[in-house]
Structure formats: structure tokens, C-alpha cells
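Data first, discussion second: the structure below is written as C-alpha cells.
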Amino acid sequence: MKTMTRRLTLTLALSGVLAASAAALAADKDLIVFDWSGYEDPGFHQKYVEKNGDSPTFTFFGDEDEAFEKARAGFKADLGHPCSQSVVKWREAGLLQPLDTSKISGWNDLNPGIMAMKDLATTADGKAWFMPWDWGNSQLTYNSDKVDEKDVQSLKALADPKFKGRVSIGDNVDDAYALASLAIGLKDWTKMTDDQFKQASDFLREVHKNVRSYWTDSTDIVQLLGGGEVDLAWAWNDATVQSVAAGVPIKAKKDTDEGISTWVCGYVLFKDAPGNTDKAYDYLNAVNDPEVANILVKDWGYGQANAKGMAGVDQAVLKEKGYDDVQKFVDKTLFQAPVPSEIKLKMIAEFEKIKAGY
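Going by mature numbering (1 follows the signal peptide of the UniProt record, and there is no 0), the letters in the sequence shown line up with residues -26 to -1, 1 to 332, in that order.
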């Protein structure tokens, strides 16, 4: 994921300012949620407000590596919102405590496919560490008024010289190497060889030649697309949703020859959580409520990990957002599962070189 921030335009603009200043949105002092900006939307945790009288206190991070370093340095919060590729690192660093699933309503309703991802929600000893909540895709996204669909049938279009200066991809190592892995035909990046790593990095170097700007969050890429600065991007679902809502002719291309990347994000309970644990579970229950799926799908273009929630979303909305037949693209997707630390460190170092032009 998701430098993932996913949202209504006004919320995005406001939360971007808050995140940039590292500010906290203070409310209920008994619960601190360390999150991506935008997820403080009360629509996601309305039942928490109904029970406790106010929203939690939110404090924001820009990406998961930043959040990890801050938490490891001693920053205190109760709940955090990492994504699939980071959970293992957070857990192995001793930052987390197991979840008491008996206190989470709808735990058994969580999507079986997501729950089956190895070493993600649970470990081999049966302990639960992560409640999957939101999931979505990184996908080819383009301006349909300026780009012919036949020219973007392959992800390799992002490296095509014809799009020089018209491309944007995220300033996010996970999404970048998910793109590159797909482009070289690799669906399981956890088994990336040295040769495949070189191929992927070489592809990103070709893409870099076309990049006008590396986007940092959803506000950024929506503005780049809406302002006509870029016509082709590797972006999350909400970039399309927000652009269309603003009247910009942006489309997502899920059926490229190489496919898409899928990520899963969710909530963890920090080991040294300073607040009220009961309220932490109130929050988890609020966001896991099946009714929240309607907001995630309709307004953000994301899926809720609660399968019961997804089943309750109007079929027309599911079809519009691309969730009516998930199986049709599952076979051509790279799941952003946790990668071995040695591979991740190589990715981080190499991506910095690529962005610098080396």
C-alpha cells in the first residue's frame, strides 16, 4: 500500500494539511489511533462515537516506514494501521501485542481468502496480530480523453517513450516494485531472485525517464490527473473514484496483460498501548461493522475485509467499482504479501537510486 491515503476531496485536503504538519486530531484522549490521513472520517467509526461520545484522537503518518521508525523510537499510540507488506516487520520488532478475537465482532466474517494469507492476520501458533479491514488495488490509471485504451493494454506503457513527461507513480517502494514485478511477469515477489530484482529495477529506471512527478498521497495524484499534468499513472482505486467525482475522465485499466497489484491494510494493537483497551476494541468493532463497507466501496473504491459487509453492498455499486466479480482478476494479481527483509532493504535502497536518476 498503500503511502496509502484513500477519500472525499474535502477530507483529503484537510487531512493532508494535518499529516504534513504531523498534527494530531484530538478528541477522545483515552484512545490514540496512528493512521493514514483521511481515515479519521467519522463515517468509518460512527458506532464508536455513539458508544463513547466522541471520535478517538488521531495522529498521522505519511508511509509505513515512517510509522515504523516513529513507533520503534518510542512514539505511543493504541492502534496502528499498517498494510500487508509491513505487518511481519512490525510484529518481529516487538511493537505489537496479540488481539483478543473474542472481543472483535464479526471476526469470523472476515474474508477467508485474506485470512488465509500466510503469516498475516495470524501466526502458526494461532495468535492473531492483525485485523484486516480495507483492501484495494494499485492499477494502471489513465485519462481516457488523452490516452487510447489500446495503448495501455500493457503495464509496459508506463515505460513507453511516447508518454515521456506524462507519467506518475507513487513515491512508495512497495507499489513501485509491485508494478515492476508484474511487468517482468513475476506474481510472487516473496521469491524474487537476484536476476529478477535487476530486471524489475531496470524497468523502474525506464519508467523514471517518463515520470513527471512521484505522487505522495491520493490528494497529490488526483490533482496531477485532474490538472492535466499527467495522463498515465500507477495509482490506487480512489484516484479514479475521486477524479470521476470531480468530472475528470479518468479510468482504471484492471485487465492489462500483466494484471494489477492487491494490498490489504488493517489494524494492530501496540504492545505498550497507553490508552483504554476496551475502547480499542470498540473502535475495531466500529470499523469492522458490515455497514461500513458501503462507505469504503462507494466513496473510496476499496473493499472491506468483512465479507458479510461486502455481500450487503448494492450489486450495481459493486459492479461500478469493480468488485462484482473479484475472481475474474485474481488470477492476474500480485498480492503485496510480506517480503523477506533482505529483499525489502534492497528495494528501498535501489528505489532511492532510481528516483535520483542513477
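The beta carbon of each residue, even a glycine, is placed where N, CA and C say it ideally should be.
Indicate the three-state DSSP secondary structure (helix, strand or coil) for residue i in the structure shown.
| i | result |
| --- | --- |
| I143 | strand |
| W103 | coil |
| T167 | coil |
| V313 | coil |
| D119 | coil |
| L132 | helix |
| S187 | coil |
| Q127 | coil |
| D108 | strand |
| G277 | strand |
| L308 | strand |
| L94 | coil |
| L114 | strand |
Kindly list the residues whose CB is nearer than 6 Å to the CB of residue i, restricted to its own chain and excluding five residues on each side of it in sequence; keep chain order.
| i | result |
| --- | --- |
| L292 | D298 |
| Q59 | D148, Q310, P312 |
| K329 | none |
Would you decide whether residue i is buried or exposed? Buried here means 16 or more other CB atoms lie within 10 Å of its CB.
| i | result |
| --- | --- |
| Q289 | exposed |
| P223 | exposed |
| P16 | exposed |
| A220 | exposed |
| A323 | exposed |
| L319 | exposed |
| K227 | buried |
| D74 | exposed |
| E14 | buried |
| K3 | exposed |
| P314 | exposed |
CB-CB under 7 Å to residue i, same chain, minus the five flanking residues each way: which ones, in chain order?
| i | result |
| --- | --- |
| S(-6) | Unreliable placement is indicated for S(-6), whose pLDDT of 36 sits below 50; the coordinate value is still reported in the next sentence. Nothing listed; no residue qualifies. |
| I158 | Q170, Q173, A174, F177 |
| G195 | The identity of residue 195 in the sequence shown is Ile, whereas the question assumes Gly. The answer, listed in chain order, is S142, W189, A207, A209, A213. |
| K101 | P72 |
| D246 | K50 |
| L129 | L114, L153, L156, A157, T230, E232 |
Give the straight-line distance between the Cα atoms of residue i and residue j, rounded to the nearest whole angstrom.
| i | j | result |
| --- | --- | --- |
| D256 | S142 | 39 Å |
| D263 | D231 | 36 Å |
| A285 | W103 | 25 Å |
| K327 | L160 | 22 Å |
| S217 | G110 | 17 Å |
| L132 | L114 | 9 Å |
| N184 | W81 | 44 Å |
| V181 | V126 | 14 Å |
| V204 | Y116 | 9 Å |
| K136 | N211 | 25 Å |
| G240 | E316 | 24 Å |
| K138 | R179 | 13 Å |
| A1 | F18 | 15 Å |
| V23 | T31 | 12 Å |
Excluding the five sequence neighbours on either side, which residues of its own chain have a C-beta within less than 8 Å of the C-beta of residue i, listed in chain order?
| i | result |
| --- | --- |
| W64 | F42, A45, G54, P56, L70, V242 |
With a threshold of 7 Å between beta-carbons, can residue i be considered close to chain D, or not?
| i | result |
| --- | --- |
| N82 | No chain D appears in this structure, which consists of one protein chain only. |
* Asked: Unbroken beta strand (DSSP E) runs of length 3 or more, entirely within the segment 190 to 269: which are they?
  -> 206 to 210, 224 to 227, 234 to 244
* Would you mind listing the beta strand (DSSP E) stretches within the segment 1 to 83 that are 3+ residues and don't spill past its ends, in chain order? => Unbroken beta strand (DSSP E) stretches of 3 residues or longer found wholly inside the segment 1 to 83: 2 to 10, 30 to 35, given in chain order.
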